[in-house]
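Numbering (my numbering), first residue to last: 6 to 649. Quick reminder that beta carbons are idealized off the backbone N, C-alpha and C, glycines included. The structure under discussion appears below in the form of structure tokens.
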């Protein structure tokens with residue numbers, strides 16, 4: 006029977022399916038999170054997925070039109086009846102006839118992805134770009150009869166506001182004055198323009214701070230008059246199905262004509278949906294949510310603006326724009342009022358983006374006059390170092406391994422994913438904690454009904470440190486199979502360690518996985534060491550881990566895996582979703598906007614690709630320092646020769 010490669014996103018799970026099998030049957034067998042209450046009989050219409058042809062460089066997979074399942078009669082009827090959109094298929098009726106990349110939308114998944122980007126407490130003055138001013142205009146007379154626009158501008162000037170009056174409001178002005186005893190509320194932006202006028206009421210304005218990550222999107226909505234957080238929401242970035250990491254999305258654009266248009270539309274649609282959810286829940290009128298501030302890495306930033314990101318995929322990684330950007334919300338197709346504005350933070354360089362500058366804003370006062378390393382670990386680790394009054398930044402190509410991609414049992418942080426790992430130094434057996442469950446689980450006990458999907462980023466950190474501490478890998482990263490013959494197996498000349506003997510889906514760690522993590526940790530270490538050398542810094546006062554991923558890392562394991570130099574566990578601290586917090590600070594206080602614009606101009610960008618010492622630091626930091634030294638075991642020498 007002919008079999009084909011089937012990859013499910015956003016989980017990244019990869020499996021094989023036989024020609025003629027349904028996508029649902031393959032998903033069920035692989036433990037993919039997918040809804041169905043009819044057992045795959047085509048009745049409930051809940052197992053909806055999306056498949057399309059294209060070049061998926063991330064997965065080294067090419068999907069042709071002839072590989073897409075033919076539309077079944079059930080699907081045709083569902084489309085005719087409005088139960089199935091033209092872009093979706095029913096997994097239980099779509100039969101495999103070639104390799105496929107299958108997107109399982111969030112509304113088709115039983116378990117919600119664990120996107121923990123909760124807002125972080127911060128303090129700032131309340132001084133938003135949008136201010137409300139109630140004014141009462143004097144009655145005009147024959148002797149003193151200026152235009153109502155002139156009278157309005159004069160009244161605002163008496164309040165200390167120098168503002169122009171938008172021509173779009175001419176039609177509204179006199180009817181509002183006549184109906185409300187010549188009293189109205191002026192909605193003023195940046196103290197310079199009356200963008201709207203309202204009748205007297207208790208109506209207030211709102212703004213959204215949005216962290217557009219490559220994996221997830223986090224939105225925080227604030228009342229601009231009180232400064233209170235009134236709504237927050239997180240969702241997967243739908244671009245994931247075009248590539249889990251940034252470079253694979255750039256590759257998708259390079260190899261698929263119009264790919265950048267598709268990726269831009271995907272992220273804008275997602276943000277529009279989240280904004281609509283906020284407006285609905287808060288019962289706002291369309292003219293109340295007026296400010297949106299977005300942050301993201303350079304590729305997300307450019308795609309959000311509708312800019313082709315391919316120049317960022319090749320040297321010299323030239324940005325189209327790096328300064329603070331303001332655009333009308335209508336340009337972004339966010340479904341907001343034509344009075345709304347969308348702003349994007351400044352960037353530092355081709356791979357150091359607005360998410361980093363926003364995180365830096367939250368710590369700029371703390372970092373001043375101290376030696377502090379700020380790190381946002383992702384597909385690229387973005388690093389900022391302050392020392393002796395100087396600031397430098399760099400990006401290190403860590404790759405997606407630390408986020409679970411390209412790891413044999415790696416998955417995104419979702420319910421059922423392993424986030425904590427312990428390996429007994431005597432028995433060499435593992436136990437784990439999974440997202441959504443508090444107890445430690447092992448194959449020595451009863452796994453019960455728990456479906457463990459794989460290992461997410463924080464679990465990957467811990468399993469590597471635990472393997473080293475238990476004497477199962479040496480300092481060079483090679484497995485020591487003789488230390489635990491009952492947990493090791495050699496498959497296709499590659500050794501693998503059995504972390505959890507889960508029936509039907511064993512959780513394994515391969516020698517190639519260890520190598521991927523070594524490369525990732527060495528890249529981050531080398532980038533930090535290079536910045537330290539550039540600024541003459543020999544010791545960090547503090548290491549700050551930003552982002553949702555950094556939030557879940559245990560400082561002990563960060564120190565033990567030797568991913569940053571000059572810092573023990575006592576100096577490593579998580580600062581949460583600092584990118585979203587920085588966006589919120591600028592949303593609520595225009596002085597914060599001015600601060601980060603000025604601070605960004607002072608940052609020296611270091612291009613690691615041009616620094617000869619980067620490679621030296623990279624090679625020197627590949628070791629696992631807490632593992633046993635290499636020994637002359639003949640079995641392990643054979644392992645090395647085989648490339649395992």
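Distance between residue 578 and residue 456, taken at the CA atoms: about 32 Å.
Membership of residue 63 in any alpha helix (DSSP H) is not indicated, and neither H nor E is assigned to it by DSSP.
Taking all protein chains in view, the Cβ of residue 535 is crowded by 16 or more other Cβ atoms within 10 Å, so the residue is classified as buried.
Boundaries for residue 111: no beta strand (DSSP E) harbours it, and the DSSP string shows neither H nor E there. Rounded to the nearest whole angstrom, the C-alpha separation of residue 50 and residue 392 is 58 Å. Spatial neighbours of residue 130 in its own chain (CB-CB distance under 6 Å, excluding positions within 5 residues in sequence) are listed in chain order as 594. Under the DSSP assignment, residue 495 falls in the beta strand (DSSP E) whose first and last residues are 493 to 496. Our two residues, residue 174 and residue 149, have alpha carbons roughly 23 Å apart in a direct line. A residue is called buried when at least 16 other Cβ atoms come within 10 angstroms of its Cβ; residue 492 meets this threshold and is buried.
Here residue 40 carries a coil assignment [DSSP, helix/strand/coil].
Here DSSP, grouped into helix, strand and coil, assigns residue 587 to helix. The beta carbon of residue 6 lies closer than 6 Å to those of 23 in the same chain, with the five residues before and after it left out. Straight-line measurement puts the Cα of residue 92 at about 16 Å from the Cα of residue 72.
In the displayed model, residue 46 falls within coil according to three-state DSSP, outside both helix and strand. The continuous stretches of beta strand (DSSP E) do not include residue 179, which lies in the alpha helix (DSSP H) extending over residues 175 to 184.
In this structure, DSSP gives residue 258 a helical state, which the three-state scheme calls helix. Distances from the alpha-carbon of residue 57 to those of 109, 340 and 369 put 109 closest. The beta-carbon separation of residue 351 and residue 345, rounded to 21 Å, does not stay under the 8 Å limit for a contact. If you draw a straight line from the Cα of residue 300 to the Cα of residue 195, it comes to about 20 Å.
Pairwise C-beta distances place the stretch 194 to 209 out of contact with the stretch 563 to 575, as fewer than three of them are shorter than 8 Å. In the structure shown, residue 154 adopts helical secondary structure according to DSSP, grouped into three states. Under DSSP, residue 399 forms a beta bridge with 388.
In the three-state scheme derived from DSSP, where H, G and I count as helix and E and B as strand, residue 273 is classed as helix.
Note that the C-beta distance between residue 601 and residue 362 is below 8 Å. Secondary-structure assignment with DSSP links residue 141 through a beta bridge to 188.
Residue 486 has its alpha-carbon roughly 18 Å from the corresponding atom of residue 511.
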